[in-house]
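The next block holds one structure in the form of structure tokens; read it before the comments.
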Amino acid sequence: MRIRSSVLLLAAIGAASCGAPEPVAPLPPPTTAVPSASPLATPPATDAGPGDPLSSSSAAPTFADDLAFLSAHGAVHVLESKSGARVALSAKYQGRVMTSAVEASGRSFGWIHREFITAGKTGTQFDNYGGEDRFWLGPEGGQFGLYFPPGKAFTFETWQVPAALQEGAWEMTEATPTRAVFKHTLAITNGSGTAFTIEVERTVSLVETPPAEGVRSVAFETVNKITNRGKVAWRRDTGLPSVWILAMFAPSPDARVVVPFETGAALKGSPIVNDAYFGKVPSERLAVHEEKGFLVFTCDGKQRGKIGLGPARAKPVLGSYSARARLLTVVQYDKPKASAPYVNSMWERQLAPYAGDVVNSYNDGSPGPGKPPLGGFYEIETSSPAAELAPGQSLVHTHRTLHLVGEPATLEPLARKHLGVSLGEL
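Numbered according to the working numbering, the sequence shown spans residues 4 to 429.
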């Protein structure tokens, strides 16, 4: 699986490569050295301004900044590629990929909630540490949902992230300069009272990318395996879980999530996007280009909204772009070719609990009058099919992230190759 996924990323970036990739040499041990700058300084979460696109602007934290901050609050394991790209992992925060960058002094791509981490709280409604690849389980809402107490209304006030998903460190069973493995067994109960005992094995690996003129990159993947460690089979009529991977990024005024989707005569007239999770997304924030087969979602952290695409429409790739940050982000995931049930996360009692979405994007904002946002970020999310597993059986979901940094002219062919869109159309 990992070899195949690496090839996919390499093939896609290879169109802009100035030559064949060099063989991968052994890497030096990762470092968690803390720079001399104050680790508690909190740079504002804004987009990069003019300047060198391969390094961080003064408005955005560097990888070294974020590593210093995280290291002051717990152990961090750093993966480092031959090119100098880096990925920071945390066992303390449930095996998350906290952030990544093309180099130590480069812009930090993951969104980290420094205020929450500094406060040192746990057991809140949402222990929001941040991180650009975190493991959760679906579904969120509905009669089989995992984020609402049984019998309670589906409102923001009653929404509660399960303790099993946000509290306690995970065991890191393997750690090398290019790979780490986290394991954890959790117990969780859905809104209908069905209890699950789930063993999670999460492998995070670097993906090497070949050089491309004028472009710097960092790529990694997480292979997320869940196993039914209970004594009974997981059944549709009592609720099924799914792997749900969420990537948190810092918003910017021009950040746009791009989601290609399937077209064709057989899909004519069928729904393209679910844009009613938290109230319908205004048309000025969501542009659906039906004939061209892609949509564009504004992700500036200014207005709460969420979109999703089901299995008939979703493709195994989506991404985001910010011209001001000179950053193209591509997310790939493994999607079964055959039709499969996907859990429904809508905040309502559902008539179709397995007619859910495969990919989602969330833009943060106030959840209600007078209420603060959850932190100010946007997300790109992918999900596995519903896990209908007998005791001892497993399901695997792989989620890959590729960040490409460069001038628009150098990113244009990569945007077309990966997403099938021109940056000028965004």
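In this text, a Cβ means the ideal position worked out from N, Cα and C, and glycines have one as well.
Classify residue i: buried if its beta carbon has 16 or more other beta carbons within 10 angstroms, exposed otherwise.
i: V210; result: buried
i: L354; result: exposed
i: D367; result: buried
i: Q97; result: buried
i: K124; result: exposed
i: P32; result: The predicted model places P32 with a pLDDT of 33, which falls under 50 and marks its position as unreliable, so this point remains unresolved.
i: P254; result: buried
i: Q396; result: exposed
i: T206; result: buried
i: K283; result: exposed
i: E118; result: exposed
i: R3; result: Residue 3 lies beyond the stretch modelled for the chain, which goes from 4 to 429, so this question has no answer here.
i: G52; result: Note that G52 scores 37 on pLDDT, short of 50, meaning its location in the model is unreliable and no value can be drawn from it.
i: E135; result: buried
i: A279; result: exposed
i: S111; result: buried
Is residue i helix, strand or coil when you go by DSSP?
i: H421; result: helix
i: A3; result: Because the chain here runs from 4 to 429, residue 3 falls outside it and cannot be looked at.
i: A343; result: coil
i: D136; result: strand
i: A412; result: helix
i: S273; result: coil
i: T49; result: Any reading at T49 is ruled out, since the residue's pLDDT is 38, under 50, leaving its predicted position unreliable.
i: S386; result: strand
i: E177; result: strand
i: S255; result: coil
i: G427; result: helix
i: A91; result: strand
i: G77; result: coil
i: A65; result: Per the sequence shown, the amino acid found at residue 65 is Thr instead of Ala. Three-state DSSP puts T65 in a strand.
i: A183; result: strand
i: L70; result: helix
i: A268; result: helix
i: T102; result: strand
i: R110; result: strand
i: L189; result: strand
i: T212; result: coil
Find out if the Cβ-Cβ distance for the pair residue i, residue j is shorter than 8 angstroms.
i: L330; j: H406; result: yes
i: G233; j: P394; result: yes
i: S348; j: G144; result: yes
i: Y381; j: G304; result: yes
i: V334; j: T404; result: yes
i: L243; j: A390; result: yes
i: N193; j: L377; result: no
i: T301; j: R288; result: yes
i: A88; j: A104; result: yes
i: F252; j: G113; result: yes
i: S325; j: A236; result: no
Closest to residue i by C-alpha separation, out of the options, would be which residue?
i: A190; options: T179, E170, G308; result: E170
i: H187; options: K95, A328, S364, G272; result: K95
i: A178; options: Y365, S93, L392; result: S93
i: E216; options: V184, P411, P376, T206; result: P411
i: G308; options: P274, N363, G296; result: N363
i: S245; options: V361, G296, I115; result: V361
i: Y365; options: E293, R327, V262; result: V262
i: T385; options: F119, G134, F138; result: F138
i: E293; options: G267, Q306, A279, F281; result: G267
i: G379; options: H116, F199, W237, H402; result: H116
i: Y336; options: E415, W114, K318, V346; result: K318
i: A445; options: A341, Q146, F129, P180; result: Outside the shown range of the chain (4 to 429) lies residue 445, about which nothing can therefore be said.
Which residues share a DSSP beta bridge with residue i?
i: V333; result: G322, L405
i: H116; result: DSSP output for H116 lists no bridge partner at all.
i: R307; result: None; R307 has no bridge partner.
i: R352; result: Answer by DSSP bridge pairing: none, since R352 is not bridged.
i: L2; result: Because the chain spans 4 through 429 in this model, residue 2 falls outside it and cannot be assessed.
i: W247; result: W139, S386
i: N227; result: R205, H400
i: S282; result: First, the amino acid is wrong: residue 282 is Gly here, not Ser. For G282, which the question treats as bridged, DSSP gives the partners Y280.
i: A236; result: Paired residues: none, contrary to the question.
i: A358; result: Y345
Comparing the CB of residue i with every heavy atom of the ligand ZN, is any distance shorter than 7 angstroms?
i: F380; result: Among the ligands in the structure shown, none appear at all, so the ligand ZN cannot be discussed.
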